[in-house]
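Right, here's the structure in full:
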């Protein structure tokens with residue numbers, strides 16, 4: 011069943027994921043995770059498997075995007091904080 015789904019939807023799902031992330035390796039990883047979720051969900055029957063696979067792929071991408079965005083924001087915040095501490099130290103040292 012999974013092999014059939016992969017042959018039927020794998021290429022188009024890869025192109026969909028690649029269009030969102032613009033990174034071949036990341037799109038491949040997300041595709042693999044999408045089909046892993048499909049394997050785990052096989053006992054459940056989904057009436058429109060194609061739509062379900064696209065939804066899973068999209069959610070995996072968005073979750074990764076949110077997580078990475080949060081990490082980038084945290085890094086920027088830490089840089090800003092450390093710069094403020096240096097500026098405060100310099101002001102205190104100069105005065």
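Numbering (the numbering used here), first residue to last: 11 to 105.
Backbone N, C-alpha and C define an ideal beta-carbon position, used for all residues, glycine too.
Nearest-angstrom Cα distance between residue i and residue j?
| i | j | result |
| --- | --- | --- |
| residue 26 | residue 37 | 9 Å |
| residue 18 | residue 60 | 9 Å |
| residue 49 | residue 63 | 11 Å |
| residue 32 | residue 58 | 27 Å |
| residue 15 | residue 34 | 21 Å |
| residue 76 | residue 54 | 28 Å |
Can you list, in chain order, the residues of its chain whose CB lies under 8 Å from that of residue i, leaving out five sequence neighbours each side?
| i | result |
| --- | --- |
| residue 41 | 20, 23, 24, 27 and 67 |
| residue 65 | none |
Tell me which residues share the same chain as residue i and place their Cβ nearer than 6 Å to its Cβ, disregarding the 5 neighbours each side in the sequence.
| i | result |
| --- | --- |
| residue 30 | 71 |
Whose CA, out of the options, lies closest to the CA of residue i?
| i | options | result |
| --- | --- | --- |
| residue 13 | 34, 32, 52 and 35 | 52 |
| residue 11 | 73, 32, 34 and 46 | 46 |
| residue 69 | 33, 44 and 78 | 44 |
| residue 74 | 15, 16 and 39 | 39 |
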